[in-house]
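Novice: Sequential numbering of the sequence shown, starting at -3, is according to our numbering. After the C-alpha cells below, expect a handful of questions from me.
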Amino acid sequence: MACEVAPEVNLKEAEELALSLSDALSSGNSQEAVELCQRLSQLSVPVSVSVNKPAYPQDSIRLKVGVEDAQSDTVIPMSVVVSADMTIAQLKDQISHDYKFPPTLQRWVIGKRLARDNETLYSHGVRESGYQVFLFIVSAQAAHLTRHQYKLNQEQQRIDGIVDSMELFQPFPRGGEGEKTAPPPQPQKTAPPHLKPRTQPPLAPKPQFGWTCTECTYVNKPTRPGCEMCGGEKPEDYKVPAIYKPDLQEVLWIQQEELAMLQYETTRQEERETNYLHLLATEIQNLIPNTTETECPICMSALGPGEGIVLRECLHTFCRECLQGTIVNSQDAEVSCPDECDSKILDREIRALLSDEEHQRFLELRLSIAESRAEHSFHCQTPNCRGWCVYEDEVNEFQCELCQETNCILCRAIHEGMNCKDYQDDLRIRAENDLAAQQTKKMVEVGQQACAPCCSQISVQINIRPEESDHRGTEFRAELRTDHL
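Here it is, written out as C-alpha cells:
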C-alpha cells in the first residue's frame, strides 16, 4: 500500500514544483528558479519546459513552401499560413489535415537544415511572411508506413479533432445529482458541427479579397500587381473590391509604386525634352559632324571628332573630300551613299558640300538626265535654248518660256505662219532640190554597186532636218547611216 501512495505524492509535489518553476521563470526570479530546479531534480521526474504562446509574435506568417518528391523533376510552389510559435510537429499535422500527407512522410528543410518535430518555426528564424522553406515527401516504403498504420493514424487524427472540438464546448455548471446525466449526449450532437468549420471557413474569403494566379494558383492580395510566388501577371479583368481595406504592407507597396511611376514619368519627360532640343539643333545644321573617332570607308583616313560628315539617311560617316568626289562624278540624278546602301544623299547636304559653280553644274546634269530619261520629253528647237517639257498625247504645241517660241511637237520644228501639211510639203521639195541630199543619194547608189558579195543587205536611213542656223527651214542636212546585216 505504501508503494502505491509514494508515486502519487511525488507526482503531486512535482506538479507543484513545475508550476512554481514556471511562475518563477516568468517573473524573472532567478534565485527561486534555481532552488525549485534543485528540488525538482531530486524527484527524478520527466519534466518539459516550453515557452508559452503569448511570448511569441501573434501575427500570421505566410510561408513559401516548395514541395517535391523523389520522382518529381520540378519544385511545386505553394503557401501555408502559420504562426511563429508553431512546432514542426504541428506544421506536419496541419499539412496532413489540409493535403492528406501523413506526418511520417514529411521532411521539412528550413534554412538548409532538417527540422525536428519539437523545434519551433521561430527557432529556425521564421519571422515574417515570404520566408522560403522546402517540404520533401518520402515514399511510404522508405518511411516504413504500412496501410494498417496509415489507417490508425487517420483514426487518431479524427479522434484528436473530436477532442479539440470538445475542449471548445462549454459544459453546464455542476448541480444536483439529477443534472449529472445531461452532459454526456451533448458532445455527440455538437462534435460534427465543430469538425466542418476547420476546413470550410478559410476558403470563403479567398475569391472575395484576392486574385488567383493562373500559373501557380496562389491567391495574392487584391492590390498586388504581380504574383508573389512565381511573378505571374495579374488578370486584366480583376478589380479590387470597393469594401477592401489594404493593410500596411499593401499601402507601402502602393506608395512605392506611385513614387516609382512618378519618377519614371519625370525622367521620361526630361529625356523627351532633351532629345527634342537636340533634334532641333541638328535640324538647323545642313551637315552633321561625327562625334566619335572613326575611319572613312573610302580613303581609310582616320577621322577625329568633327572631321567627318554623318549622312542623315543611313548614318554612315565619310570625309568631306570623298563625299564631294562622289557627288561630282555621279551620273545619276540622285546620288547614292558611297557605302553601297539604298540611302540617298539629301539636297541640303549636296548644296553644303559643293561650291556654287559645282552645284550649278550638278543641277544642269540633273536636268539633262531627267530630260533624257523622260518618256515624252521635247526640247525647244531654238538653238542654244535650254527649255524643254514633258508633253501629253493630245498636246501638239509647246510654248517655250525661255525663248518665247512656239514649237510644233508633231513636226519637231518651229514653222511660224505654216501649218504642218504645208511645212512637210515644203520640207520635201527643199530636200529634193538640195545639193547635199542629191549627193548623199548618189553615194548610196554607188555603195550598193560596190558592196562585197558577203553583204546580204544594206540598210540606209536618211534623216533630213533643218540646219541649225538663223534661217530655220531654209537649209538642210542629210545624215547617212549604213548597217551591214
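Even glycine gets a Cβ: it sits at the ideal position worked out from N, Cα and C. In this text, all values refer to a predicted model and were calculated from it rather than measured experimentally.
What does the Cβ neighbour count give for lysine 49, buried or exposed, with the cut at 16 atoms within 10 Å?
Specialist: Numbered from 1 along the sequence shown, position 53 holds the residue referred to as residue 49. Lysine 49 should be labelled exposed.
Novice: From this set, Leu283, Ala366, Phe358, Gly413, which residue's C-alpha is nearest asparagine 325's C-alpha?
Specialist: As a first step, residue 325 must be located in the sequence shown, where it is residue number 329. Looking at the Cα atoms, Phe358 is the closest of the given residues.
Novice: Identify, in the order they occur along the chain, each residue of the same chain with its Cβ nearer than 6 Å to the Cβ of glutamine 128, setting aside the five sequence neighbours on each side.
Specialist: Indexing the sequence shown from 1 puts residue 128 at position 132. Around glutamine 128: Lys60.
Novice: Output needed for leucine 39: all residues of its chain with C-beta closer than 7 Å, excluding positions within five of it in sequence on either side, in chain order.
Specialist: In the sequence shown, residue 39 corresponds to position 43, counting from 1. Asn6, Glu9, Ala10, listed in sequence order.
Novice: Based on the DSSP output, what are the partners of leucine 110 in its beta bridges?
Specialist: Here residue 110 refers to the residue found at position 114 of the sequence shown. Partner(s): Val105.
Novice: Pop quiz: histidine 375 and glutamate 388 are said to be a contact at Cβ under 8 Å. What is the actual Cβ separation, rounded to whole angstroms?
Specialist: Residue mapping note: residue 375 aligns to position 379 of the sequence shown, counting from 1. Residue mapping note: residue 388 aligns to position 392 of the sequence shown, counting from 1. That pair is no contact at about 17 Å.
Novice: How about cysteine 407 and glutamine 395: are their beta carbons less than 8 Å apart?
Specialist: Numbered from its first residue, the sequence shown carries residue 407 at position 411. Numbered from its first residue, the sequence shown carries residue 395 at position 399. No, these two residues do not count as a Cβ contact at 8 Å.
Novice: So valine 386 and isoleucine 405 are supposed to be a Cβ contact under 8 Å. How far apart are they, rounded?
Specialist: Position 390 of the sequence shown, counted from the first residue, corresponds to residue 386. Position 409 of the sequence shown, counted from the first residue, corresponds to residue 405. The pair is not a contact, with the Cβ atoms about 11 Å apart (cut-off 8 Å).
Novice: Check this for me: beta carbons of glycine 300 and glutamate 289, under 8 Å apart or not?
Specialist: One-based indexing of the sequence shown puts residue 300 at position 304. One-based indexing of the sequence shown puts residue 289 at position 293. Yes. Within cutoff.
Novice: Any chance you could list the beta strand (DSSP E) runs of at least 3 consecutive residues sitting entirely within the stretch 304 to 387, in chain order?
Specialist: 304 to 306, 313 to 315, 373 to 375, 384 to 386
Novice: Strictly by DSSP, which residues pair up with glutamate 291?
Specialist: Counting from 1 along the sequence shown, the entry for residue 291 is found at position 295. Looking at the DSSP assignment, glutamate 291 forms a beta bridge with Ala298.
Novice: Would you kindly report the start and end of the unbroken alpha helix (DSSP H) that includes threonine 402?
Specialist: Taking the first residue of the sequence shown as position 1, residue 402 is located at position 406. From DSSP, threonine 402 is part of no alpha helix (DSSP H) but of the beta strand (DSSP E) over 402 to 404.
Novice: Going by DSSP, what residue range makes up the beta strand (DSSP E) through serine 75?
Specialist: Mapped onto the sequence shown, residue 75 falls at position 79. Run containing serine 75: 72 to 78, per the beta strand (DSSP E) assignment.
Novice: Pick helix, strand or coil for glutamate 393, following the three-state DSSP scheme.
Specialist: Indexing the sequence shown from 1 puts residue 393 at position 397. The answer is strand: DSSP assigns glutamate 393 an E or B state.
Novice: Here's a check: name, in chain order, each residue in its chain whose Cβ is nearer than 6 Å to the Cβ of cysteine 310, leaving out the five neighbours to either side.
Specialist: Translated into positions along the sequence shown, residue 310 becomes position 314. Taken in chain order, the residues that qualify are Cys333, Cys337, Ser339.
Novice: Rounded to the nearest angstrom, how far is the Cβ of phenylalanine 314 from that of isoleucine 346, given a contact under 8 Å?
Specialist: By one-based count along the sequence shown, residue 314 stands at place 318. By one-based count along the sequence shown, residue 346 stands at place 350. With a Cβ gap of about 13 Å, phenylalanine 314 and isoleucine 346 do not count as contacting.
Novice: If isoleucine 84 and glutamate 115 are in contact, beta carbons under 8 Å, what's the gap, nearest whole angstrom?
Specialist: The residue you call residue 84 lines up with position 88 of the sequence shown. The residue you call residue 115 lines up with position 119 of the sequence shown. 5 Å between Cβ atoms; contact.
Novice: Measuring only the C-alpha atoms, how far is glutamine 377 from leucine 283?
Specialist: Counting from one through the sequence shown, the residue named residue 377 turns up at place 381. Counting from one through the sequence shown, the residue named residue 283 turns up at place 287. Pairing glutamine 377 with leucine 283, the inter-Cα distance amounts to about 41 Å.
Novice: Cα separation between glycine 206 and cysteine 223?
Specialist: Looking up residue 206 in the sequence shown gives position 210. Looking up residue 223 in the sequence shown gives position 227. The straight-line gap from Cα to Cα measures roughly 11 Å.
Novice: At the level of alpha carbons, what is the spacing between serine 56 and aspartate 113?
Specialist: As a working note, residue 56 is residue 60 in the sequence shown. As a working note, residue 113 is residue 117 in the sequence shown. C-alpha separation (whole angstroms): 20 Å.
Novice: Rounded to the nearest angstrom, what separates alanine 273 and leucine 244 at their Cα positions?
Specialist: Taking the first residue of the sequence shown as position 1, residue 273 is located at position 277. Taking the first residue of the sequence shown as position 1, residue 244 is located at position 248. Here the sequence assigns leucine to residue 273, which means alanine is not the residue at that position. When rounded, the distance between both Cα atoms is 44 Å.
Novice: Quick one: Cα of glutamine 252 to Cα of leucine 349, how far?
Specialist: For the purposes of this step, residue 252 is taken as the residue at position 256 of the sequence shown. For the purposes of this step, residue 349 is taken as the residue at position 353 of the sequence shown. Distance between the alpha carbons of glutamine 252 and leucine 349 is about 54 Å.
Novice: Whole angstroms are fine: how far does the CA of leucine 32 sit from the CA of serine 16?
Specialist: By 1-based counting over the sequence shown, the position of residue 16 is 20. By 1-based counting over the sequence shown, the position of residue 32 is 36. Answer to the nearest angstrom: the Cα atoms are 7 Å apart.
Novice: Going by beta carbon distance, what residues of the same chain come within less than 7 Å of tyrosine 118, once the five residues before and after it are set aside?
Specialist: Within the sequence shown, residue 118 is the residue found at index 122, counting from 1. Contacts found: Tyr52, Ala80, Asp81.
Novice: Nearest CA to the CA of isoleucine 410: which residue from Leu342, Glu393, Asp19?
Specialist: Taking the first residue of the sequence shown as position 1, residue 410 is located at position 414. It is Glu393.
Novice: Would you list the one or two residues that DSSP bridges to threonine 83?
Specialist: Counted from its first residue, the sequence shown places residue 83 at position 87. DSSP lists Thr116 as partners of threonine 83.
Novice: If contacts are defined as beta-carbon pairs under 8 Å, then proline 73 and cysteine 212 qualify, I think. What distance do you get, rounded to the angstrom?
Specialist: Your numbering for residue 73 matches position 77 in the sequence shown. Your numbering for residue 212 matches position 216 in the sequence shown. Confirmed, about 5 Å.
Novice: Verify whether the separation of the beta carbon atoms of arginine 316 and isoleucine 323 is less than 8 Å.
Specialist: On the sequence shown, position 320 is the one that residue 316 refers to. On the sequence shown, position 327 is the one that residue 323 refers to. No, they are not a contact pair.
Novice: Per DSSP, what are the beta-bridge partners of proline 285 in this structure?
Specialist: Counting from one through the sequence shown, the residue named residue 285 turns up at place 289. Paired residues: Ile305.
Novice: Is the separation between the beta-carbon of leucine 13 and that of arginine 35 shorter than 8 Å?
Specialist: Within the sequence shown, the letter at position 17 stands for residue 13. Within the sequence shown, the letter at position 39 stands for residue 35. Judged by beta-carbon spacing, arginine 35 lies within the 8 Å limit of leucine 13, meaning their Cβ atoms are closer than that value.
Novice: Classify glutamine 265 as buried or exposed, calling it buried when 16 or more other Cβ atoms lie within 10 Å of its own Cβ.
Specialist: Taking the sequence shown and counting its residues from 1, the one referred to as residue 265 is at position 269. By the 10 Å Cβ count, glutamine 265 comes out exposed.
Novice: Classify threonine 483 as helix, strand or coil using the three-state DSSP reduction.
Specialist: Outside the shown range of the chain (-3 to 481) lies residue 483, about which nothing can therefore be said.
Novice: Return helix, strand or coil for leucine 398, following the three-state DSSP convention.
Specialist: Position 402 of the sequence shown, counting from 1, holds the residue named residue 398. Correct three-state label for leucine 398: coil.
Novice: Taking just the CA atoms, how far does aspartate 94 sit from leucine 199?
Specialist: Walking along the sequence shown from the start, residue 199 turns up at place 203. Walking along the sequence shown from the start, residue 94 turns up at place 98. Per-residue confidence for leucine 199 stands at a pLDDT of 44, beneath the threshold of 50, marking its modelled position as unreliable; the derived number appears in the next sentence. Going from the Cα of leucine 199 to the Cα of aspartate 94 covers about 12 Å.
Novice: Round the Cβ separation of arginine 308 and leucine 342 to the nearest angstrom and send it over; I've been treating them as touching at under 8 Å.
Specialist: The residue you call residue 308 lines up with position 312 of the sequence shown. The residue you call residue 342 lines up with position 346 of the sequence shown. At roughly 6 Å, the Cβ-Cβ gap stays under 8 Å, so arginine 308 and leucine 342 are in contact.
Novice: Please report the straight-line C-alpha distance between glycine 62 and proline 99, rounded to a whole angstrom.
Specialist: Translated into positions along the sequence shown, residue 62 becomes position 66. Translated into positions along the sequence shown, residue 99 becomes position 103. Rounded to the nearest whole angstrom, the CA to CA distance from glycine 62 to proline 99 is 17 Å.
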